[in-house]
Amino acid sequence: TSTAYNVTITAGSYTTSELATELQTQLNNLASTDTFTVTFDGNTGKFTITDNTGNFQINWTHANTNANVGALLGFDDSADDTGSSSYTSNYLAKASDHYVNIHSMKLSALSPLN
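Reading the sequence shown from the start, the letters are residues 102 to 215 in our numbering.
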């Protein structure tokens, strides 16, 4: 028989690597017989979730699943992932770090609109 776990991520601000660590910690806290590894590849922009003990499934379509978590991690959450010991997100993670740094002497002279 299989056991379903509801994983809760602690509220906070995370970098992608911190989010991977948090998800890994929460999975391992719940699954007493399984050992999970969660990684984020900065080159591909994708998360990988691996059960080092065997196959598992991710129930993206379960009624209690947050509708945004799969997409945030870059997974196609329109169907469950089943039959594998490792899943890599289908798309670039929306949780990736995005920064824009603009330095302009012209912009510094502008005053805010009220």
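Where is the CB? At the ideal position from N, CA and C, for every residue including glycine.
Note on residue 190: 16 or more other CB atoms within 10 angstroms of its CB, so buried under the neighbour-count rule. Shown here, residue 146 sits in coil according to DSSP, grouped into three states, outside any helix or strand.
Nearest to residue 154 by alpha-carbon distance, out of 162, 134 and 181, is 134.
Residue 124 and residue 176 have their alpha carbons spaced roughly 14 Å apart. Each residue's CA atom was taken as its position, placing residue 173 and residue 194 some 6 Å apart. Within the DSSP secondary-structure output, residue 139 pairs in a beta bridge with 150.
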